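Student: Let me give you the structure first, and then I'll get to my questions.
In the numbering used here, the protein residues as written are 10 to 187.
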């Protein structure tokens, strides 16, 4: 089993962090993992994406020409990557700012209002973690506890307050019915 996911959006939306935490959590669960980030020189406000491959066997290539999953946080990323998703795959989109919808009928669309949910939590910076809650629930690729453990490891012990809001953000996305 190998599952490849592209995470894409603007720099500053936590796109690379989503992929990094997911990769770290999968590795801690005993999977083989590759993480391939890509971002423009602008970083914040520019484009950013990463590809994460998770497998129970060695991974020959980190490239995802036909990913199983696509997580897009902005409209340009939707237009750039939507046609790469394998038939039968999933597209998770930030419906708080993406008003367009893919016209493909061979993929499942999950519109997640991550910005709205993050605002309700009082912290717009956690929109990426809201998205990861929805992603982990719908794909079932990892247990939620594994992702939260990876998140805690990445944040470190000194950021306990950040961990609390991120747990709430993850739960908001995980509990959402898309």
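Backbone N, C-alpha and C fix where the C-beta goes; we use that ideal spot for every residue, glycine too. This structure is a prediction, so every number in the text was calculated from the model and none was measured.
Which residues in the same chain have their Cβ closer than 7 Å to the Cβ of residue 177, if we skip the five residues on either side of it in sequence?
Tutor: Taken in chain order, the residues that qualify are 130.
Student: Taking residue 67 as the reference, which of 12, 163, 144 and 127 has the closest Cα?
Tutor: Ranking 12, 163, 144 and 127 by Cα distance to residue 67 puts 12 first.
Student: Since residue 42 sits in a beta bridge, which residues does DSSP pair it with?
Tutor: Answer by DSSP bridge pairing, in chain order: 63.
Student: How should residue 72 be labelled, buried or exposed, when 16 other C-beta atoms within 10 angstroms of its C-beta is the threshold for buried?
Tutor: Label assigned to residue 72: exposed.
Student: Three-state secondary structure (DSSP) at residue 125?
Tutor: Of the three classes helix, strand and coil, the one that applies to residue 125 here is helix, per DSSP.
Student: With distance defined between alpha-carbon atoms, name the residue in 147, 117, 138 and 170 nearest to residue 159.
Tutor: Closest by alpha carbon: 138.
Student: Please say whether residue 34 and residue 24 have beta carbons closer to each other than 9 Å?
Tutor: Not in contact: residue 24 and residue 34 (Cβ atoms no closer than 9 Å).
Student: Could you work out which residue in 100, 122, 125 and 107 is closest to residue 113 when comparing CA atoms only?
Tutor: It is 100.
Student: Just tell me which of 181, 175 and 80 has its CA closest to the CA of residue 117.
Tutor: For the residues 181, 175 and 80, the minimum Cα distance to residue 117 belongs to 80.
Student: Kindly give me the distance between the Cβ atoms of residue 76 and residue 14, rounded to whole angstroms, as I take these residues to be in contact under 8 Å.
Tutor: Residue 76 to residue 14, Cβ: 6 Å. Contact.
Student: Just the Cα atoms here: how many angstroms apart are residue 86 and residue 19?
Tutor: Looking at the two C-alpha atoms, the distance is approximately 8 Å.
Student: Answer with buried or exposed for residue 88, where buried requires no fewer than 16 other C-beta atoms within 10 angstroms of its C-beta.
Tutor: Exposed, because fewer than 16 other Cβ atoms sit within 10 Å of the Cβ of residue 88.
Student: Considering residue 164, what are the terminal residues of the alpha helix (DSSP H) in which it resides?
Tutor: Counting along the chain, the alpha helix (DSSP H) containing residue 164 begins and ends at 153-164.
Student: Ordered along the chain, which non-local residues of its own chain (more than five positions away) have a Cβ less than 7 Å from that of residue 133?
Tutor: Answer for residue 133: 124 and 127, listed in chain order.
Student: With DSSP as the reference, identify every bridge partner of residue 15, one or two as the case may be.
Tutor: 60 and 79, per the DSSP bridge assignment.
Student: My output table needs one value for residue 103: the three-state DSSP class, helix, strand or coil.
Tutor: If DSSP states are grouped into helix, strand and coil, residue 103 belongs with the strands.
Student: Flag this pair as yes or no: are the beta carbons of residue 31 and residue 156 separated by less than 9 Å?
Tutor: Contact: yes.
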